[in-house]
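Chains as they are written, first to last, in our numbering: chain A, 1 to 494; chain B, 1001 to 1275.
As structure tokens, the structure follows; a few thoughts come after it.
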Amino acid sequence: MEKHNGMTKSASVRWFVGFLCVMAMLSLISRQLYTSKLALVTAEDIRHSKLSHTVNCAGTVGCDSVNAVFLPEGVLAESVYVHQGDKVEKDSRLLKLDTQSLKARYDELESERQKSLENGDGYGSEGASPVFAETGLRITDVCVKAGDKVSAGDELVKFDKSHLIRLINTLEADRNKDIIARNALSDKQAAAEADEESMGESYAGQIDTLDVSIEEQQSNIDRYLVILNSGCAIKTTMEGTVTRVEAKAGQVTGESALMVISAAPEVSNGLLRIDEELEKLKALIDADGLVLSEYSGTVSRADISAGAVTAEGAALFIADVSEGGIYFSGLADEKSAKHLSAGDIVELYFRNGRLRTASAVISNFTLRDSDYRFEVPLTEETFSGEMPAYGEIGMMRTSALTEGEYYLISKEAVHGTGAKRFVFALEETDGFFGREYHAVKHDLNIEDENDTYVAVSSTGLAEDTPVIITSNRPLTDGARVRLSVGKVNDESEK
Amino acid sequence: MLVYIFFAVLCAAVMLPVIMMVLLSLNDETELASAIMPLESGKGFCAPDPLPFFPTFSHYKKLMLYTPEFYRVFFNSLRNTAVILVCQVLFAAPSAWAFSRMKSRHSKLLFDMYVIFMLMPFQVTMLSQYLLLDRLGLMDTSAALILPAVFSTFPVFIMYRSFSQIPEDVLDHARIDGAGEFTIFLRIGLPMGRSGMLAAVTLGFLDLWNMVEQPLAFIKDKRLLPLSVYLPMIDKGSEGIVLAASVITLIPAVFVFIIGQDELEAGMISSGIKE
């Protein structure tokens, strides 16, 4: 019995020791399993200070005085001597145009001008006097063309002499017939009156009709004789400019005007433009195609290159910065505009930061449509040395602090969207393993924010309560967490 | 026969809570909730099924694998109990030997005082202990649990009885052989009084393993709490874990009882024998 009891007792001791060993092992295993399920978080304290807003706006360097250099359209550029950013002086070489191309363009414009005049598009119609001629005359030569200036007595149109003579002869023959017929009727009338017959009155009517016809024919003959005697030509009686020519050689004159002469012709805009361009082309041809700068300044833009054909619009822009007026300007959206105002000191960056200044001041800040335009004057003092070139793109940066102080919470700690945003505060308690941490959800009433922080007036938390920034697992309210020192990767996003 | 039946029924009545505890710990959450609901609502009586319809070890799995604080408090209890028992033997054995073998004029008075102190409930001495421990700077430490228990009078009382049964002749013979009092205590007293010491240890374990008032009064740091205080702290809704934890808590006490059963019986028997 005692032996049996001894065996039972020793077996109990062994089992008890074994039980304790199993409990010890399970204690380690359970710790590992439990902590592996805990979210590993990092936390950061809430700060109480003013919120900083950093504003970044892009802009370009502009200038009040910019002069454009226009070139004739459709001309080949042989060489271009300047590029964007080059400084030029007055009368310095800008580019050289191909003279052949210039001449071709000149001729083209010239014919266009002529065509315009011939079509009557070159001048306005006010104050113009039409030139008529007798009908039935054959034109042999038109001595003038549209645009010609004429003086009194200049020949305008010449007629065929032989045709004119034939015409006169025909008219005279017709007249003579009428005269003969009239004379015969006159004799009959006299005889009838002598015989006291009633036929005398009817003869009178016929005689009157013939008289009128004879007079008319004589008038025509006289007019034709004038033309014949004046050398078979129409001459102008006034000084002026032929604005339109309708007559053509070989044509027989009709009732319409042969041409129109205007004492003070109104030149059409098209013709003016052509004349101007012709004048420029002439000047360029005389200069052998060399284009010189009319201004001193900096080439702000060059839209022409060697070998290219000139197009409509300015080929070069020269910014005149000789008397100042260079500035950095751009547009700020509504969000950025809240933190900008005239008088603010800003930083300017150009060329990826290689050229910068921290002492520029916004001089002008105005609302334009829905954007805000700012201007920052640039001077040599601003940059103490090299200045950015006209047209150069840069960045303006400034920071503005809010007037009041807020509780600032890192945006990484904020969850949710819109009005329903919240954070998980890290609350510390004493647990069975010492300090334990729990994630406690707190709703936020956000009053302001920038790219990094959100600002709230009150958090409902103690000031030294940290908020959870990162977690490798999704968090729930009240969940126990482990605090890590470094940043953890959020495995829930994988 | 009737006596046997009576004691069998009594035994069953005593065992019933333990059996129910084990069976309920195997119920799944749904069954457990429906079984305990009258208890929570306060209406009606709990009538759990004798055997679960859907037995499961999920509560044990959750307790053993995903509740690491359970082990913390378990080993807190084990450590406290082991240290106290060892120290009790170290201090109580010489005291009991002195009381039983070294009679003096005031030894009976002193022993009676020991008995009176032993009979005092903790609540009577709690305040004085609290003030003393606070002055010593031992509040919220394991020493607040260990030190007062080390100097408990109960093991002295148990060991005194077993030491008293050692025949004086044996001791006289040892003295004649030249053994000193300490040698007699060490070589004769302790071996012969082993049953008393084991009885004291067994009873002490059962008492200390279930110690509740002292931790509640003197300990605030959760890291030092024992198992007996942890069980009521488990959240409502985790009844299955509570039951499983209770079953696990029972196991060391069962082992200790099995180990020390003989000595306990012998100690009880010897305490009933009148000289």
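For each residue, glycine too, the CB sits at the ideal point set by N, CA and C.
Computed from a prediction, not measured in an experiment: that's the story for all the values here.
Please report whether the beta-carbon of residue i lies at a distance below 8 Å from any beta-carbon of chain A.
i         : result
B/Arg1330 : Residue 1330 of chain B is absent from the model: chain B starts at 1001 and stops at 1275.
B/Leu1227 : no
B/Thr1067 : yes
B/Val1124 : no
B/Arg1072 : yes
B/Lys1251 : The question names Lys, but residue 1251 of chain B in the sequence shown is Ile. Chain A, which has a Cβ nearer than 8 Å to the Cβ of B/Ile1251, makes this yes.
B/Ile1258 : yes
Got a sec: is the Cβ-Cβ distance from residue i to anything in chain B below 8 Å?
i        : result
A/Leu461 : no
A/Tyr34  : yes
A/Gly478 : no
A/Arg14  : no
A/Ser30  : yes
A/Leu26  : yes
A/Phe422 : no
A/Asp443 : no
A/Asp333 : no
A/Lys9   : yes
Taking all protein chains shown into account, do 16 or more other C-beta atoms lie within 10 angstroms of the C-beta of residue i, making it buried, or fewer, making it exposed?
i         : result
B/His1106 : exposed
B/Asp1235 : exposed
A/Asp154  : buried
A/Lys111  : Note on residue identity: the sequence assigns Ser, not Lys, to residue 111 of chain A. That one is exposed.
A/Val166  : One point to set straight first is that residue 166 of chain A is Arg, not Val, in the sequence displayed. Looking at its Cβ environment, which holds fewer than 16 other Cβ atoms inside 10 Å, A/Arg166 is exposed.
A/Gln217  : buried
A/Asp178  : buried
B/Glu1263 : buried
A/Asn220  : buried
A/Cys57   : buried
A/Gln32   : exposed
B/Phe1074 : buried
B/Gly1240 : buried
B/Ile1005 : exposed
Quick check on DSSP: helix, strand or coil for residue i?
i         : result
A/Ser457  : coil
B/Pro1052 : coil
A/Glu428  : strand
A/Phe70   : strand
A/Leu38   : coil
B/His1106 : coil
A/Asp222  : helix
A/Pro377  : strand
A/Leu258  : coil
A/Tyr81   : coil
B/Leu1026 : coil
A/Leu401  : strand
A/Cys21   : helix
B/Gly1237 : coil
A/Lys339  : This sequence places His at residue 339 of chain A; Lys is not what is there. Coil.
B/Lys1274 : Because B/Lys1274 carries a pLDDT of 48, less than 50, the predicted location of this residue cannot be relied on, and no value is offered for it.
A/Tyr437  : strand
A/Val61   : strand
A/Tyr390  : coil
Cα separation between residue i and residue j?
i         : j         : result
B/Leu1132 : A/Ser10   : 42 Å
A/Ile214  : A/Gly205  : 14 Å
A/Ala455  : A/Ile318  : 49 Å
B/Gly1044 : B/Arg1135 : 50 Å
A/Ala233  : A/Leu137  : 10 Å
B/Ala1012 : B/Thr1056 : 25 Å
A/Asp160  : A/Gly313  : 52 Å
A/Cys63   : A/Glu375  : 11 Å
A/Ile446  : A/Thr402  : 14 Å
A/Glu239  : A/Ile261  : 8 Å
A/Gly431  : B/Arg1223 : 7 Å
A/Val226  : A/His163  : 15 Å
A/Ala264  : A/Thr243  : 10 Å
So with Cβ pairs under 8 Å, would you call residue i a contact of chain D?
i         : result
B/Phe1255 : Looking at the structure shown, chain D is missing, and the protein chains on hand are A and B.
Could you list the residues in the region 1194–1222 of chain B with a C-beta less than 7 Å from some C-beta on chain A, going in chain order?
-> Asp1221, Lys1222
Check distances from the C-beta atoms of the region 385–413 of chain A to those of chain B and list, in chain order, the residues that come in under 8 Å.
-> Shown here is that no member of the region 385–413 of chain A has a Cβ falling below 8 Å from a Cβ of chain B.
Mind checking the region 1037–1069 of chain B against chain A and listing, in chain order, the residues whose C-beta falls within less than 9 Å of any C-beta there?
-> Residues Leu1063, Met1064, Leu1065, Tyr1066, Thr1067, Pro1068, Glu1069.
Between the region 426–459 of chain A and chain B, which residues of the former have a C-beta closer than 8 Å to a C-beta of the latter?
-> Interface annotation for the region 426–459 of chain A against chain B: Asp430, Gly431, Phe432, Phe433, Gly434, criterion Cβ-Cβ distance under 8 Å.
With 9 Å as the C-beta to C-beta threshold (strictly closer), list the residues of the region 1151–1179 of chain B near chain A in chain order.
-> none
Quick one, which residues of the region 38–58 of chain A are near chain B if we go by CB-CB under 9 Å, in chain order?
-> none
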